[in-house]
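Under this note's numbering, the sequence shown has 143 at position 141, and the numbering climbs by one with no breaks.
Please read the structure below before turning to the comments.
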Amino acid sequence: MRVERATSGGLIVTCRYCGDRHALLAQAACPACGVVDESDVQYFAHVAQGRRASAEGIHLRPPTLADMQRAREWRNHPDVRPGLRTPFMLTSEQQEWWYREVVCDRRAPSRWWAVYDGEEHVGVTGLEGIQWENRLAEISLLIDPARAGQGYGRQAVRLVLEEAFERMGLLTVTGECYESNPVGIAFWRRVVEEYGGEVTTLPRRKWWSGRLWDAMWFTLTAEAWGERRKGAA
Ligand SMILES: CC(C)(COP(=O)(O)OP(=O)(O)OC[C@H]1O[C@@H](n2cnc3c(N)ncnc32)[C@H](O)[C@@H]1OP(=O)(O)O)[C@@H](O)C(=O)NCCC(=O)NCCS
């Protein structure tokens, strides 16, 4: 499935089997060829049920080892791996090493959070490659695949940008999403639109499934964030 935003604002999907372009429907079957794309079923099911995360209960917590071990299982999920920079599966030992060496290192150039909805762990997010001199960092986000399409990703981005721009003093947050991850592309386009960001294409950024893929590189700024905050007040 390829996802793009129509000028009218809705989402247009292109069936990866027959090429038909149609509006995003609350079902996974292509109306032209009838093929059901299993990777989209969960998202469409959530949209159809109208299950949405409410902003109130969602918050960031310092991540525990148990949170990061749960995130390892999400990360190893077959639907998630095409979007990862390092798409190999991780063992619990590797994840524990990363947690102790990177997440627990207060001087590491990264900050990580667990995303919670009330008492339920729904995702992890981070700012990586922090350059304090240049006041910039790269955003990373992973939502539990069983909760995809419920609005957790958007709420998590809002909370991370609040940390970056209002507490850490960063001025620029960048991100990279590979075109091998069409759901990620649709998601970040929506985020960029919401926060007045800029997008550019980087060629040949990923080798996956027997071919090279370009990447969408995006930039979100404290200035545009502030303008949006003023507009909302
Ligand atoms: C990409 C990801 C963060 C999205 O999180 P999410 O909680 O599922 O997304 P949300 O429910 O907040 O969706 C926000 C918007 O993204 C777009 N979107 C999300 N999933 C989509 C899908 N399957 N098809 C089309 N658009 C989609 C929609 O515009 C949606 O808004 P809407 O539902 O109001 O139209 C999540 O799927 C994920 O963690 N994927 C695996 C890891 C990954 O790819 N991380 C990003 C690496 S660059």
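No residue lacks a Cβ here, since even glycine has one placed at the ideal position from N, Cα and C.
Since this is a predicted model, take the numbers as computed values, not measurements.
Among the options, nearest to residue i - alpha-carbon criterion
i             : options                        : result
glutamine 97  : Gln152, Ala224, Glu229, Met70  : Met70
leucine 62    : Gly212, Glu165, Gly36          : Glu165
leucine 173   : Ala188, Asn136, Trp219, Val193 : Asn136
alanine 55    : Glu103, Arg102, Thr93, Val117  : Val117
glycine 153   : Trp115, Pro205, Asp119         : Asp119
threonine 93  : Asn78, Val104, Pro84           : Asn78
arginine 113  : Met91, Glu103, Gly151          : Glu103
isoleucine 60 : Gln133, Trp115, Pro205, Arg169 : Trp115
Cβ-Cβ separation, residue j to residue i (assumed contact under 8 Å), whole Å
i             : j              : result
valine 82     : leucine 129    : Not really, about 20 Å apart at Cβ, beyond 8 Å.
valine 188    : leucine 144    : Residue identity check: residue 188 is alanine in the sequence provided, not valine. 16 Å between Cβ atoms; not a contact.
leucine 222   : glycine 199    : 4 Å
threonine 202 : alanine 158    : Going by Cβ atoms, the distance from threonine 202 to alanine 158 rounds to 24 Å, so no, they are not a contact pair.
threonine 176 : tryptophan 219 : 7 Å
cysteine 179  : glycine 186    : 4 Å
tryptophan 80 : valine 105     : The displayed chain sequence assigns proline, not tryptophan, to residue 80. Actually they are not in contact, since the Cβ atoms of proline 80 and valine 105 sit about 25 Å apart, beyond 8 Å.
Whether residue i touches residue j by CB criterion (9 Å)
i             : j             : result
proline 147   : tryptophan 76 : yes
glutamate 196 : arginine 156  : yes
serine 211    : serine 182    : yes
proline 111   : glycine 85    : no
alanine 57    : arginine 160  : yes
Between the CA atoms of residue j and residue i - distance to the nearest angstrom
i              : j                 : result
arginine 191   : tryptophan 227    : 16 Å
valine 194     : arginine 207      : 20 Å
tryptophan 100 : arginine 23       : 42 Å
glycine 125    : glutamate 140     : 17 Å
alanine 47     : arginine 109      : Annotation note: pLDDT 49 at alanine 47 (below 50); position unreliable, coordinate value reported separately. C-alpha separation (whole angstroms): 42 Å.
glutamate 225  : phenylalanine 167 : 9 Å
glutamine 44   : glutamate 95      : Model confidence at glutamine 44 stands at a pLDDT of 48, short of 50, so the residue's coordinates are unreliable; what they give is reported in the following sentence. C-alpha separation (whole angstroms): 30 Å.
leucine 67     : cysteine 35       : 45 Å
proline 89     : arginine 230      : 35 Å
arginine 87    : aspartate 216     : 12 Å
glycine 151    : cysteine 32       : 19 Å
histidine 123  : glycine 233       : 31 Å
leucine 204    : methionine 91     : 25 Å
glycine 121    : aspartate 107     : Here the sequence assigns glutamate to residue 121, which means glycine is not the residue at that position. For glutamate 121 and aspartate 107, the distance between alpha carbons rounds to 26 Å.
tryptophan 134 : arginine 169      : 13 Å
To test your reading of the DSSP string, which unbroken alpha helix (DSSP H) runs of 4 or more residues are found completely within the region 138-203? With a minimum length of 4 residues, the unbroken runs of alpha helix (DSSP H) contained wholly in the region 138-203 fall at 154-164, 184-196.
Unbroken stretches of the alpha helix (DSSP H), 4 residues or longer, contained in the region 55-103: List check, alpha helix (DSSP H) in window: 67-77, 94-100.
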